[in-house]
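Undergrad: Dropping a structure here in structure tokens format, bear with me for questions.
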Amino acid sequence: MYDMTDAVIAYVDAVAVLFLITGVTIIVYSLDDVFVDVVFWSMRLFGLEANRHPAIPEERLRSMPMRPIAVMVPAWHEHDVIYAMLKANVIHTPYVVFFVGAYPNDLATQKEVLRAAADYPYNVKLVVGPRNGPTTKADCLNGVLRHIAEYEKGHGVEFVGCALHDSEDVVHPLEFALFNALLDETDFIQLPVFSFSRSLTHMVAGSYMDEFAEFHNKDLVVRERLTGFIPCAGVAACFSRRAIKALSEDRAEEVFDPAALTEDYDVAFRIKKLGLRSAFIRNDASFTLDIPEGSATLTRIEQRLAIATREYFPDDFRAAYRQRARWILGIGFQGANNLGWGDNLLERIFFLRDRKGIASGLIAITGYFLTFNAVLIAILTTVSDDWRIAAYVLLHPVLQTVFLINVVLLANRLLQRTIFTTHVYGIAQGLMAAPRVVFSNCLNFCAALRALYIFYWRHRIEKQPLSWDKTQHTIPKGATRALEQA
């Protein structure tokens, strides 16, 4: 007869087996993280990290003659923020022209862009595409690029480069000067992107602070050094005239793949394949723009950090996982289908690193489930002989070894996240990076489920096209005044 003891033993045995499988999977999944950590800190130790792109002094950036730069801004239902964004950012230089791509069926956004164009007639241009939205950002950007070419012919001007920004971005005052200084020698430039500081209690938005601080201070540095492939972040990026021409010729007059959900990632891969020169630039300035704790107003802060674009990332759980689902769809599913797995081992490692987001959230949630079970079993062993006897299986040396390795990997992961968050945001935010990892994993879990549903059910089975699943954006108060003071 099947009694309670048998049931308890069967349950604990199942937990033990699942723990072993999950623990080994996490170890394998963590190998690339450890690899990147070792390479980065070795580069720091031997001075290789800082010497790849010699810094350009701030005084030189301010004194160099400025050449015209076009800025592409794709916009779909951005009427709440686009005017404030343009008003804040056009003050950088009279040589920068913002071309905002809007849709015929988005009159509210058109109206706000035209309002900005009335205030700044040279710096702001509205581009209305031929198709109703939303299509994809890539499709919108292709229309913007065609208009830029027409603008150059009609106005007798040649833009030295085309920068890429979103409608919620606050651009560092020295960004365009830095692009201007580098475009003669570099075809694609990516600068860091950071979140604005958020309250210590904002766990969802705070997870973006942690992730971008680590990725744009460590991962991209290692990737550039080892592979030469630099993923485009979609903002704070600039393409030279040579790059635009080569990309256009490579895709039958379309620079961006109109079917791509992550057009930035796709175009960066093509830049590498075409043999064009790319650079991830961390060029420090004496100040940054951020929102101090307890304030809602953007402020110039005297803190030496890399010239970077700042923006608000979602603080709403649903908005955050929907945004991440789009990243998984574009990088994970479309990337694997369209871009392959690279030409050598290092490229394959980093492509796998990009695409493992499909499963990493699922694995993390399984790990949380097992942790809960381990704690529960430990409690039950104190009140029941059946649970105490069954729990001995968890003391198996193999399980203990797997557990210990997982603890070490987790400690390293949290330490890395804390270091880089502290570097950008200070010690208080750095100490919050560890608990925010839980929220990040929950977001990635929901994002993976949504991405799987959209790609396999909606797209593959129902044959629905993949389209722009936009995020609601906001821009901080005081952006114009802060940029004027900078």
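Each residue of the sequence shown is one higher than the one before, starting from 144 at the first, in the numbering used here.
C-beta atoms are modelled at their ideal positions from N, C-alpha and C, and glycine is treated no differently.
If you're wondering where the values come from, they're calculated on a predicted model, not measured in any experiment.
1) Under three-state DSSP, which class holds Leu97?
2) Taking 7 Å as the limit between beta carbons, can you name the residues of its chain near Met144, skipping five residues before and five after?
3) Using a Cβ-Cβ cutoff of less than 7 Å, which residues in the same chain neighbour Ile681 once the five nearest sequence positions on both sides are dropped?
4) In terms of alpha-carbon separation, which member of Leu586, Trp600, Gly286 lies closest to Ala462?
5) In three-state DSSP terms, what is Val526?
6) Please report the distance separating the alpha-carbon of Val398 from that of Leu558.
7) Do Tyr568 and Ile474 come within 8 Å of each other at the CB atom, strictly closer than that value?
8) Give the secondary structure of Asp409 by DSSP, where H, G and I count as helix, E and B as strand, and everything else as coil.
9) Could you give the distance in angstroms between the alpha-carbon of Pro208 and the alpha-carbon of Lys606?
10) Hey, out of Ile506, Ala376, His220, His196, whose CA is closest to Asn549's CA?
11) Compare the beta carbon distance of Asp330 and Arg195 with 8 Å and say whether it is the shorter of the two.
12) Based on DSSP bridge pairs, tell me the residues matched to Thr440.
13) Check the C-beta distance from Ala306 over to Cys375 and give it rounded, since I have them as a contact under 8 Å.
14) Taking DSSP's pairing of strands, which residues face Phe337 in a bridge?
15) Is it true that the CB of Ala218 sits closer than 8 Å to the CB of Thr168?
16) Please report how far the alpha carbon of His359 lies from the alpha carbon of Arg366, in whole angstroms.
17) Please report the residue range of the beta strand (DSSP E) in which Phe588 lies.
18) Thr431 to Gly276, Cα distance in whole Å?
19) Could you name the residues of the same chain whose beta carbon sits closer than 6 Å to that of Asp458, not counting the 5 residues immediately before and after it, in chain order?
20) Quick check: the region 294–304 against the region 217–237, are at least 3 beta-carbon pairs closer than 8 Å?
21) Can you tell me the Cβ-Cβ gap for Phe654 and Ile212, rounded? I've got them flagged as a contact below 8 Å.
22) Note the first and the last residue of the continuous beta strand (DSSP E) segment covering Ala402.
23) Taking 8 Å as the threshold, find out whether the region 272–289 comes into contact with the region 231–251 through three or more Cβ pairs.
24) Here's the rule: buried if 16 or more other CB atoms are within 10 angstroms of the residue's CB, otherwise exposed. What is His290?
25) When we look at the beta-carbon of Tyr265 and count the other beta-carbons within 10 Å, is it buried (16 or more) or exposed?
26) Would you identify the three-state DSSP class for Leu284, choosing helix, strand or coil?
TA: According to the structure data:
1) There is no way to answer for residue 97, as the model of the chain reaches only from 144 to 629.
2) Looking up residue 144 in the sequence shown gives position 1. In this prediction, Met144 has a pLDDT of 45, which is less than 50 and means its spatial position is unreliable; what the coordinates show is noted afterwards. Contacts found: none.
3) A question about residue 681 goes unanswered here, because the residues of the chain that appear run from 144 up to 629.
4) Residue numbering aside, residue 462 sits at position 319 when the sequence shown is read from its first letter. Taking only the C-alpha atoms, the option nearest Ala462 is Leu586.
5) Position 383 of the sequence shown, counting from 1, holds the residue named residue 526. Reduced to three states, the DSSP call for Val526 is coil.
6) The count along the sequence shown starts at 1 and reaches residue 398 at position 255. The count along the sequence shown starts at 1 and reaches residue 558 at position 415. Taking the straight line from one Cα to the other gives about 40 Å.
7) For the purposes of this step, residue 474 is identified with residue 331 of the sequence shown, where counting begins at 1. For the purposes of this step, residue 568 is identified with residue 425 of the sequence shown, where counting begins at 1. Against a cut-off of 8 Å, the Cβ pair of Tyr568 and Ile474 comes out as no contact.
8) To locate residue 409, count along the sequence shown from 1; it is residue 266. Looking at Asp409 - three-state DSSP - the assignment turns out to be helix.
9) Indexing the sequence shown from 1 puts residue 208 at position 65. Indexing the sequence shown from 1 puts residue 606 at position 463. The alpha-carbon atoms of Pro208 and Lys606 are separated by roughly 52 Å.
10) Taking the first residue of the sequence shown as position 1, residue 549 is located at position 406. Answer by Cα proximity: Ile506.
11) Taking the sequence shown and counting its residues from 1, the one referred to as residue 330 is at position 187. Taking the sequence shown and counting its residues from 1, the one referred to as residue 195 is at position 52. Not in contact: Asp330 and Arg195 (Cβ atoms no closer than 8 Å).
12) Counting from one through the sequence shown, the residue named residue 440 turns up at place 297. For Thr440, which the question treats as bridged, DSSP gives the partners Lys620.
13) Position 163 of the sequence shown, counted from the start, is the residue given in the question as residue 306. Position 232 of the sequence shown, counted from the start, is the residue given in the question as residue 375. Contact doesn't hold; Cβ gap of about 11 Å is too wide.
14) As a working note, residue 337 is residue 194 in the sequence shown. Its beta-bridge partners are Arg453.
15) If you number the sequence shown from 1, residue 168 lands on position 25. If you number the sequence shown from 1, residue 218 lands on position 75. No. Outside cutoff.
16) Residue mapping note: residue 359 aligns to position 216 of the sequence shown, counting from 1. Residue mapping note: residue 366 aligns to position 223 of the sequence shown, counting from 1. Straight-line Cα distance between these residues: approximately 11 Å.
17) Position 445 of the sequence shown holds residue 588. Careful: Phe588 lies outside any beta strand (DSSP E), inside the alpha helix (DSSP H) at 570–595.
18) Within the sequence shown, residue 431 is the residue found at index 288, counting from 1. Within the sequence shown, residue 276 is the residue found at index 133, counting from 1. Whole-angstrom Cα-Cα distance: 35 Å.
19) To locate residue 458, count along the sequence shown from 1; it is residue 315. His345, Val347, Ala348, listed in sequence order.
20) no
21) A query on residue 654 cannot be resolved here, the shown segment of the chain reaching from 144 to 629 and no further.
22) By 1-based counting over the sequence shown, the position of residue 402 is 259. Ala402 -> no beta strand (DSSP E), and no H or E assigned at all.
23) yes
24) Reading the sequence shown from its first residue, position 147 is the one you call residue 290. Result: buried.
25) As a working note, residue 265 is residue 122 in the sequence shown. Exposed, by the Cβ-count rule.
26) Position 141 of the sequence shown, counted from the start, is the residue given in the question as residue 284. In this structure, Leu284 counts as helix in the three-state DSSP scheme.
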